[in-house]
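Contents: one structure, followed by commentary.
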Amino acid sequence: MTSPSLLTQPSPGDPSVPLLEIGLDLTIYAERLSVPEWEAVLDIYRKYAPAEVWTKVKASPDIGFNRLPAGDYINAPLSDDATFPFLRRIRHRTVRGWRTEFRIWDGKLSQSWSACMYRLAHQADEPEHAFYRFLFPWDTAPALVASLANELGKQIKYLSGHAGFCHLYEPYFKATAFAQIFAWAKRYWAVDVEDLNAALPFMHNGMKAISWLTFIGPKFLADPKIEGQRQSLRTIPGAVLKPCGSGALLQLGEKPILGDRHRLEPELASYFAAGTLLDPVLLTNIAEFEGPFIEKGCTVDWIHRFAAPNAWTSA
17 MTSPSLLTQP SPGDPSVPLL EIGLDLTIYA ERLSVPEWEA VLDIYRKYAP AEVWTKVKAS
77 PDIGFNRLPA GDYINAPLSD DATFPFLRRI RHRTVRGWRT EFRIWDGKLS QSWSACMYRL
137 AHQADEPEHA FYRFLFPWDT APALVASLAN ELGKQIKYLS GHAGFCHLYE PYFKATAFAQ
197 IFAWAKRYWA VDVEDLNAAL PFMHNGMKAI SWLTFIGPKF LADPKIEGQR QSLRTIPGAV
257 LKPCGSGALL QLGEKPILGD RHRLEPELAS YFAAGTLLDP VLLTNIAEFE GPFIEKGCTV
317 DWIHRFAAPN AWTSA
């Protein structure tokens with residue numbers, strides 16, 4: 017793949033660390049968080065990730081990351097409390113419905129491997145708001161990401177999800193980062209803009225993204241608003257739509273693209289086609305993303321950019 021290294025800026029806090037860059041992202045929004053599900057997810061992820069991803073861990077209620085001691089994190093059973101003592105807390109919090117956060121990370125400040133599962137505190141009689149997120153260096157083999165996504169989709173009861181290039185940023189300088197992300201989002205239409213704080217509480221209501229890989233959960237797949245379009249997804253040039261767990265996984269091409277509007281990539285046409293067909297089930301209400309997205313009130317315009325390009329172009 018062509019290097020997207022042009023999409024970098026140094027952090028104001030440390031010029032040796034990127035303020036923002038392009039990486040590969042796989043995010044799956046789950047119907048709920050359950051212990052059997054996330055244990056299955058971790059077991060699958062361990063088959064794909066390098067051992068170095070088990071360098072640092074963050075497990076609720078920890079505020080920051082802690083360095084992991086040497087151990088067989090790839091092969092030891094997740095029930096081994098000596099190797100995974102922190103998972104006891106995560107199991108307890110999952111069952112109790114408390115806010116739950118678990119992350120592993122290779123410790124690299126740029127182009128890193130990491131995995132995260134997260135749930136907001138669950139209120140009785142309300143839907144759960146949870147996601148799984150996996151980050152990879154931009155040049156990770158697309159076949160690896162696609163295979164991992166397919167396996168995970170068969171284990172996770174998902175609402176929706178997406179994988180492809182994503183703007184990654186230093187969270188301590190989020191406002192500064194989003195000023196540039198907004199400008200780049202105007203040019204690079206196939207690169208995801210991530211603001212999970214804004215998006216997560218709304219994910220039961222609609223899908224957020226059309227990407228290289230797009231998970232369509234059963235709720236949205238069965239929505240009458242796209243009944244006439246479902247079969248048309250199969251006819252998009254270069255696209256593959258296949259069953260995946262309880263929903264479907266749509267793949268647009270063999271690899272992710274930037275969607276550069278200044279140097280048109282032929283594959284971008286399939287994103288416009290998919291975005292138009294799935295537009296009725298995309299989010300129509302969401303908290304505004306950071307920076308210029310808030311100022312211009314145009315987050316929904318970005319979400320619907322493939323079906324209504326003029327609204328996003330003029331935002």
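Read in order, the letters of the sequence shown correspond to residues 17 to 331 in our numbering. Ideal placement from N, C-alpha and C gives every residue a C-beta, glycine not left out.
For residue 69, the secondary structure class from DSSP, reduced to helix, strand or coil, is helix.
The three-state secondary structure of residue 256, taken from DSSP, is strand.
In this model, residue 321 and residue 292 are separated by some 9 Å (Cα to Cα). Around residue 119, the same chain offers 74, 132 as residues with beta carbons nearer than 6 Å, after the five sequence neighbours per side are excluded. Apart from sequence neighbours up to five positions away, the residues of its chain that approach residue 104 with a beta-carbon distance below 8 Å are 97, ordered along the chain. Rounded to whole angstroms, the gap between the alpha carbons of residue 272 and residue 252 is 16 Å.
In the DSSP assignment, residue 177 forms a beta bridge with 44, 231.
Contact fails between the region 203-215 and the region 153-165, because fewer than three Cβ pairs, one in each stretch, are under 8 Å apart. Judged by beta-carbon spacing, residue 44 lies within the 7 Å limit of residue 172, meaning their Cβ atoms are closer than that value.
In the structure shown, residue 285 falls within a helical segment according to DSSP collapsed to helix, strand and coil.
If the five residues before and after residue 194 are omitted, its C-beta is found closer than 6 Å to the C-beta atoms of 306, 307, all from its own chain and listed in chain order.
Looking from the CA of residue 260, the closest CA among 284, 174, 289, 56 belongs to 174. For residue 192, the uninterrupted alpha helix (DSSP H) run begins and ends at 190-203, by DSSP. The beta-carbon distance between residue 107 and residue 57, rounded to whole angstroms, is 14 Å. This is too long to meet the 8 Å contact definition. Judged by beta-carbon spacing, residue 228 lies within the 7 Å limit of residue 179, meaning their Cβ atoms are closer than that value. By the Cβ-count criterion, residue 224 is buried, with 16 or more other Cβ atoms from all chains shown falling within 10 Å of its own Cβ. The beta carbon of residue 239 is closer than 8 Å to those of 296, 297 in its chain, skipping five residues each way along the sequence. A direct Cα-to-Cα measurement between residue 121 and residue 234 gives close to 31 Å.
The closest CA to that of residue 232, considering only 318, 127, 290, 192, is found on 290. If you draw a straight line from the Cα of residue 156 to the Cα of residue 40, it is about 8 Å long.
A check of alpha carbon separations from residue 270 across 34, 257, 99 identifies 257 as the nearest.
In the three-state scheme derived from DSSP, where H, G and I count as helix and E and B as strand, residue 267 is classed as strand. Looking at the backbone, the Cα of residue 197 and that of residue 275 are separated by about 14 Å.
Secondary structure of residue 54 (DSSP, three-state): helix. Across the structure, residue 169 and residue 177 are spaced so that their CA atoms are roughly 9 Å apart. CA-CA distance, residue 149 to residue 263, rounds to 18 Å. Judged by DSSP secondary structure, residue 120 falls within the beta strand (DSSP E) whose first and last residues are 116-121. Around the C-beta of residue 79, fewer than 16 other C-beta atoms lie within 10 Å, and the residue is accordingly described as exposed. The C-beta separation of residue 38 from residue 154 comes to about 5 Å, placing the pair in contact by the 8 Å criterion. With a threshold of 16 other beta carbon atoms within 10 Å, residue 329 falls short and is exposed.
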